[in-house]
């Protein structure tokens, strides 16, 4: 049987969801025989190759994130999102409580250790937008909430997909924290 | 009540007329999810989680507010209802900040549990997420409006259970907020810090700083016990993790004593006094030095032998009856003294004298009614008492009677109105003339024929009495005295509450006057009068019934064995101890009292002890051991027995 092609992306989030995926430990060995990871946050591939399953960790919080999400959505058959940031907005969306300029000013000048620091600006830096969960930008097929999702929940979701079913995390293993 | 029959999910179930559909579902084990419903509170149908389908109703209705009728056909778990419920959850989640990962309540949250149940892995609506204030001004309580789902449970607990009426909704619609008084911070409001709102809150919107991140309910051991502070006897559920106190809750929030009070719910968790961990004796330098229990006992034995009598024993009434009764034997048999008292023994002696003047020798404490009688009252007289300070739950019950039953509230106090904003009438007699005031009232009632014929003899005893005497000694106008007489005399359930304020001048005769007044107006339930004396400590009544409040004969005994346990010291106590030649203090904490002692022995705190308490209205409750004693500390009984053994006595 051909391996299932998977690509994953890391947007506005802490990376904990991917860490939780690595915490699958020995289950990863079995999984490696069934899936092929074509792009991950550490491959730094700018353009997603067409895959069966796209995975996103993190919320959409700038124009670049938005582009990544749309690109992955266009190149995958099933889009799965991991973690509370991607499912609901989570910690990342706390920024929505404040004005964007105020957040930047606070980050770069009031709390920074560097003296005379300015908010960096360049046309290469994508401007911040409102922080949104993925389903506010593109259609999402399945969700694995959690902060981070437990390895058990991630494993459940992947196993279901490999069985050809769209997973809905059961109540017993669903966690938001 | 008429029995009715309903069909719920195709099953025939029975209930009573007046039940709601939800009550019948719950009584029959039919699971209906709820969020704004809480047992003991009125239902408002705010959250819509409990929607059910009822035949012939055009749309789903909330089960919690729908009155059940005979023959109703109800569905509780159709696909449509489950869809609606999930949709409601999504709407709640988009309204405010309900991200669990940085919420104190995560793991204990009812909203979170429902979201799991409905597998809510995403929401389909845009978030509104307004930035709302967090009110952390209060010493113990925090309101985070961002976590609030506006279910109103805190508001209903505050008004219906605690009868404080501090919390309410402010603003309307989109901008609705739970607020204290007129948008005051909670810590600067009329809040009484009972914490009923904390226990009622289903999310992390109202919580206590003291419980923060100490542990989730599921990770804790839960111990059912009784509050060790005052004589009311509120039943507690204490949460413990790794031998640490995590949280104190009411065992049953909906019961009259359920709201608890600041002392029981919070202050017990704030102990900062240093513990006595080892026996200490005063060394040659005059300093207290650590020693073995054996050495401490030797010192005690030596002084006892030298003094040849003249010792006395004194004990805190926060200690359970079993230990108290052992202490009585210890003082009697081992120390060989019949001089024994409790720290609050003077109160008992005055009450006993007052009761004896009323009815000769007989039952002393048994004459009073249960405190729940306050809830039935339509007139309450509070005389010489400040229940807000000594027994706050009594205050709660009084406020409930006033706000829910429109009871008239009369305060008789020379210096202050102990129920500001709540009293109908505040009389300020000269200090010590409270008894005259009540006798004046009795005379007015007799003159107006507002007394029961049952007490003919008592009424006769007033024939020579003139109301003018009462007016002169109290300094109160006749009109106001008559007003009081009318309120109390015309009441069907008049309750009189008195407290330690009376235990000074003329205390006993005032108590007699109270009992006379209650008796002649027929304010009786069964064989008990509607009179309540506030007892200051958890086991005051238990100790008094055991005969421990005999009193110490000498003004300054040659030696005193004081079993203080975790009772806080008072100026009064320190004054009494001054000039006693030899002082043994068995205490949980270092304090000015232990600093005066010649021998200090360790004692467990309330949470490390167990035994029986007798509440102020005579119920026997079980204090359970919540924590393992610190560093293998001995129980009070073990210390007493060790001393006895050394002195050649066997205590049982």
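Protein chains in written order, with the working numbering: chain V, -11 to 165; chain R, 1307 to 1958. All C-beta atoms, glycine included, are put in the ideal place defined by N, C-alpha and C. Quick caveat: nothing in here was measured; it's all calculated off a predicted structure.
For residue i versus residue j, is the C-beta distance shorter than 7 Å?
i              : j              : result
residue 1702/R : residue 1469/R : yes
residue 1926/R : residue 1544/R : no
residue 1397/R : residue 1424/R : no
residue 130/V  : residue 155/V  : yes
residue 1765/R : residue 1687/R : no
residue 1880/R : residue 1898/R : yes
residue 5/V    : residue 1428/R : no
residue 29/V   : residue -2/V   : yes
residue 1463/R : residue 1451/R : no
residue 1922/R : residue 1841/R : yes
residue 1935/R : residue 1910/R : yes
residue 1/V    : residue 46/V   : yes
residue 1829/R : residue 1795/R : no
residue 126/V  : residue 69/V   : no
residue 1743/R : residue 1797/R : no
residue 1689/R : residue 1673/R : no
Residue i versus chain V: which residues are under 9 Å apart at the beta carbon?
i              : result
residue 1425/R : 156, 157, 158, 159 and 162
residue 1393/R : Neighbours of residue 1393/R on chain V: none; closest Cβ ~15 Å, over 9 Å.
residue 1519/R : Result: empty, since nearest Cβ-Cβ is about 12 Å, beyond 9 Å.
Buried or exposed for residue i, going by 16 or more other Cβ atoms inside 10 Å?
i              : result
residue 110/V  : exposed
residue 95/V   : exposed
residue 1959/R : Nothing can be reported for residue 1959/R: it is not among the residues displayed for chain R, which extend from 1307 to 1958.
residue 1906/R : buried
residue 1919/R : buried
residue 1349/R : buried
residue 115/V  : exposed
residue 51/V   : exposed
residue 1329/R : buried
residue 1749/R : buried
residue 1619/R : buried
residue 1519/R : exposed
residue 1781/R : exposed
residue 7/V    : exposed
residue 1475/R : exposed
For a test of the three-state rule: what should DSSP assign to residue i, helix, strand or coil?
i              : result
residue 1728/R : coil
residue 1373/R : strand
residue 1393/R : helix
residue 1656/R : helix
residue 1922/R : coil
residue 1935/R : coil
residue 1765/R : helix
residue 76/V   : coil
residue 1607/R : helix
residue 1708/R : helix
residue 1718/R : strand
residue 1368/R : strand
residue 1788/R : helix
residue 162/V  : coil
residue 1901/R : helix
residue 1453/R : helix
residue 1595/R : strand
Would you mind telling me which residues of chain R sit closer than 7 Å to residue i, beta carbon to beta carbon, in chain order?
i             : result
residue 5/V   : Correct list: empty, because the minimum Cβ distance to chain R is about 12 Å.
residue 124/V : 1432
residue 10/V  : Under the 7 Å cutoff, chain R gives no residues; its nearest Cβ is about 20 Å from residue 10/V.
residue 85/V  : 1435 and 1437
In chain V, which residues lie less than 8 Å from residue i when you measure between Cβ atoms?
i              : result
residue 1407/R : 72, 78, 79, 135, 164 and 165
residue 1412/R : 164 and 165
Please list, in chain order, the chain V residues whose beta carbon lies closer than 7 Å to that of residue i.
i              : result
residue 1810/R : Simply none; closest approach about 57 Å.
residue 1418/R : 164
residue 1422/R : 159 and 162
Using a C-beta to C-beta distance shorter than 9 Å, which residues of chain R count as neighbours of residue i?
i            : result
residue 92/V : The premise fails here: residue 92/V is roughly 17 Å from chain R at the closest Cβ pair, so nothing lies under 9 Å.
residue 75/V : 1427, 1428 and 1429
What in chain R is Cβ-close to residue i, meaning under 8 Å?
i             : result
residue 48/V  : Here the premise fails: no neighbours, minimum Cβ distance about 13 Å.
residue 128/V : 1428
(request) Below 8 Å between beta carbons is the criterion; list the residues of the region 132 to 155 of chain V that meet it against any residue of chain R, in chain order. (result) 132, 133 and 135
(message) At a CB distance below 7 Å, what residues from the region 1427 to 1443 of chain R approach chain V? Give them in sequence order.
(response) 1427, 1428, 1429, 1432, 1433, 1435 and 1437
(request) Identify each residue in the region 1555 to 1569 of chain R for which the Cβ-Cβ distance to at least one residue of chain V is less than 8 Å, and report them in chain order. (result) Among the residues of the region 1555 to 1569 of chain R, none has a Cβ less than 8 Å away from any Cβ of chain V.
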